[in-house]
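Here is the structure we will look at.
There are 2 protein chains.
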Amino acid sequence: MSVLEFWFDPASSYSYLAALRLEALAASARVELSYRPFLLGPLFTAQLGIKDSPFNVYPARGRYMWRDLERLCARHGLAWRRPSRFPRHSVLAARLCCACADEAFGPALVRAIFHANFAEDRDIADRAVLAALLEALGQDAAARLAHAESPEIKERLRLNTSAAEQAGLFGAPSFLVAGELFWGQDRLEDAISWAQTH
Amino acid sequence: MSVLEFWFDPASSYSYLAALRLEALAASARVELSYRPFLLGPLFTAQLGIKDSPFNVYPARGRYMWRDLERLCARHGLAWRRPSRFPRHSVLAARLCCACADEAFGPALVRAIFHANFAEDRDIADRAVLAALLEALGQDAAARLAHAESPEIKERLRLNTSAAEQAGLFGAPSFLVAGELFWGQDRLEDAISWAQTH
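Line by line, the protein sequences are chains A and B. Every letter in the first sequence is one number past the one before it in the working numbering, and letter 30, counting from 1, is 30. Every letter in the second sequence is one number past the one before it in the working numbering, and letter 84, counting from 1, is 1084.
Quick look at the structure:
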């Protein structure tokens, strides 16, 4: 069995669905997970030559995505509120996910950040919002946020972002399993099956 | 129950999978199908400002698509050969699909065109290739191709392409069910379920 790497940007709308569906599927398939936060912005700029989300730059794609997300959340029984601003600035949240990736509460923090962004319309760029999410998980928010902004963690997020591009990623969520890339939350089940058989 | 409209361009790689999976799924769900050929090129130019397939313009997406198609065809037991040229020029094939959309052999012709393009590496821009496919279905190839190039059918394809953009399409395959848009061959099952319940 291979590890399933979950590549995500906390600003990514479809990654919300993946983040909230991931743990139960992986647990029942006994697949090990690895959380790999990265930033979509540099990839979109390098690959598409754009400085905003493709969902904003290409309105037909954006209109579809918002309706599709609403429909998918209803089907999966997930809370949903369209954010008043999209995409949220996600650098600090992504750094915090990097800083906490190996902690027992890490996956719960990732879910809480996505839930804040896409079910509560809270601004995940706001330190106070992230601090409240950390505190709700029993963490020392000031210490965790300070670690998130350390040179070591900043560098880790930069390395993840370069590694994402090197691995062929072009969007999020993406799943990497033994070198195989799966793009999109609706390919999560395929990625799980791949991990079970490779 | 609603009709499921299958919107496709004969040059579209993922539409091959949809075209070959469609009939069996719709039949077992008792969902009525409507074939809506259109051209992706004008949509990509209008929406993305590009003159080629996004899979060529954006190499990371193209690399993923080729590997993904191979993997999906293996899973669904479909023949697959990467075309030596992509995308094929699909105007004549799309017109032929328009001309034959209401004929009993129409769906078989659509499947034959996609199979020629993506499982046999034949050039669907070549009249002789299309003629051979028509003849294999017992059709008068010269008459069918002449009809495909009539002003009425040329106009029908133009109208389909405008209607696609009006309906919010931005890629293929797409499925429209009672005004709901589903994009991508992996959303075919969702579109079938929607047709059953709306």
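Using N, Cα and C, we set each Cβ at its ideal position, and we do this for glycine too.
N-terminal and C-terminal residue of the alpha helix (DSSP H) that residue i is part of
| i | result |
| --- | --- |
| Leu1040 (chain B) | Leu1040 to Leu1048 |
| Leu1020 (chain B) | Ser1013 to Ala1029 |
| Phe1118 (chain B) | Gly1106 to Ala1119 |
| Glu1135 (chain B) | Arg1127 to Ala1136 |
| Leu145 (chain A) | Ala141 to Ala148 |
Cβ neighbour criterion (16 or more within 10 Å) applied to residue i
| i | result |
| --- | --- |
| Gly41 (chain A) | buried |
| Asn56 (chain A) | exposed |
| Ala116 (chain A) | buried |
| Glu1005 (chain B) | buried |
| Gly200 (chain A) | Any question about residue 200 (chain A) goes unanswered here, given that chain A covers just 1 to 198. |
| Thr1161 (chain B) | buried |
| Arg30 (chain A) | exposed |
| Pro1010 (chain B) | buried |
| Asp1190 (chain B) | buried |
| Gly106 (chain A) | buried |
| Ala1079 (chain B) | exposed |
| Ala136 (chain A) | exposed |
| Ser53 (chain A) | buried |
| Ser12 (chain A) | buried |
| Ser1150 (chain B) | exposed |
| Arg36 (chain A) | buried |
Distance CB(residue i)-CB(residue j) smaller than 8 Å
| i | j | result |
| --- | --- | --- |
| Phe170 (chain A) | Ala1060 (chain B) | yes |
| Leu1096 (chain B) | Leu1130 (chain B) | yes |
| Ser2 (chain A) | Ala178 (chain A) | yes |
| Gly184 (chain A) | Tyr58 (chain A) | no |
| Ala93 (chain A) | Ile124 (chain A) | yes |
| Ala1164 (chain B) | Leu1043 (chain B) | yes |
| Leu1134 (chain B) | Ala1141 (chain B) | yes |
Which of helix, strand or coil DSSP assigns to residue i
| i | result |
| --- | --- |
| Trp183 (chain A) | strand |
| Val1057 (chain B) | helix |
| Leu1169 (chain B) | coil |
| Ser90 (chain A) | coil |
| Phe175 (chain A) | strand |
| Ala1191 (chain B) | helix |
| Met1 (chain A) | coil |
| Leu96 (chain A) | helix |
| Leu78 (chain A) | coil |
Residue interval of the beta strand (DSSP E) (run including residue i)
| i | result |
| --- | --- |
| Ser1162 (chain B) | Not the beta strand (DSSP E): Ser1162 (chain B) falls in the alpha helix (DSSP H), residues Pro1151 to Gln1166. |
| Leu4 (chain A) | Leu4 to Phe8 |
| Pro37 (chain A) | Leu33 to Pro37 |
Cβ separation of residue i and residue j, assumed to be a contact under 8 Å, to the nearest whole Å
| i | j | result |
| --- | --- | --- |
| Gly1168 (chain B) | Leu1181 (chain B) | 5 Å |
| Leu145 (chain A) | His76 (chain A) | About 31 Å; that fails the 8 Å criterion. |
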